[in-house]
Amino acid sequence: MVLNKKKISLIFLVVIILGGFLIPENMTIPVKGARSSDWNNKSFWYEPWGKSGVHKGIDIFGKKGQELNSSCNGIVIYTGSNSLGGNIVIVLGPKWRFHYYAHLESISTTALSFISSGDLIGTVGDSGNAKGKQPHIHYSIITALPYVWRIDSASQGWKKMFYLNPDIILRD
Ligand SMILES: [Zn+2]
Numbered sequence: 272m273v274l275n276k277k278k279i280s281l282i283f284l285v286v287i288i289l290g291g292f293l294i295p296e297n298m299t300i301p302v303k304g305a306r307s308s309d310w311n312n313k314s315f316w317y318e319p320w321g322k323s324g325v326h327k328g329i330d331i332f333g334k335k336g337q338e339l340n341s342s343c344n345g346i347v348i349y350t351g352s353n354s355l356g357g358n359i360v361i362v363l364g365p366k367w368r369f370h371y372y373a374h375l376e377s378i379s380t381t382a383l384s385f386i387s388s389g390d391l392i393g394t395v396g397d398s399g400n401a402k403g404k405q406p407h408i409h410y411s412i413i414t415a416l417p418y419v420w421r422i423d424s425a426s427q428g429w430k431k432m433f434y435l436n437p438d439i440i441l442r443d
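One rule links them: number in the working numbering = place in the sequence shown (from 1) + 271.
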């Protein structure tokens, strides 16, 4: 086999993609002390759901200021805020999955930090469009590699190739 630049790049890409599956996720419930009864197991893809149309994650309820720990090993790729999510943290974890946390009271990590499952990344709050509601963390898991077989006829069902159900993943 002759290795030209194109082939080398392709092999490199495959190694990188497969490498993402070799790192263990070590999934854990991200709100300290929370159990599976602290979120509604039917809230994923619940509709109608405000501006988003459908709810592309779960809301894990807790007390304001309760510790928020990373649900998996990974690298923090974003910390900041927006009007909908309030204070948010995004972690890139194993299997090329992005873990999105919103409505934090405070953020205790910085972009480009390597973190382990269970490491403190912030606290539970009601920031963004959760203002005045019961404090909770909105948690979404988004795969960068599309799972096209997950697409169904639900509202925005095509987005199910990217948004995974955290309820199922946290129970595994
Ligand atoms: Zn939510």
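For glycine and all other residues, C-beta sits at the position ideal for the given N, C-alpha and C. None of these values were measured; they are calculated from a predicted model.
DSSP lists 409 as the beta-bridge partner residues of residue 330. Residue 390 holds the alpha-carbon nearest to the alpha-carbon of residue 379 among 369, 390, 370 and 402. Judged by beta-carbon spacing, residue 408 lies within the 7 Å limit of residue 339, meaning their Cβ atoms are closer than that value.
The shortest CA-to-CA distance from residue 297 to any of 316, 277, 349 and 341 is the one to 341. Secondary structure of residue 426 (DSSP, three-state): coil. Under the three-state reduction of DSSP output, residue 283 falls in the helix class. In this structure, residue 329 sits near residue 310, with a CB-CB distance shorter than 7 Å. Residue state for residue 401 is assigned as helix, using DSSP reduced to three classes. Cβ neighbours of residue 358 within its own chain (closer than 6 Å, five residues either side excluded): 352, 375, 378 and 398.
Taking each of 365, 435 and 432 in turn and checking the Cα distance to residue 295, the smallest one comes out for 365. Here residue 436 has 315 as same chain residues with Cβ atoms under 7 Å from its own Cβ, once five neighbours each way along the sequence are excluded. In this structure, ligand 1 has a non-hydrogen atom nearer than 6 Å to the beta-carbon of residue 328. In this structure, the straight-line span from the alpha carbon of residue 361 to that of residue 303 is close to 18 Å. Around the CB of residue 275, fewer than 16 other CB atoms lie within 10 Å, so the residue is classed as exposed.
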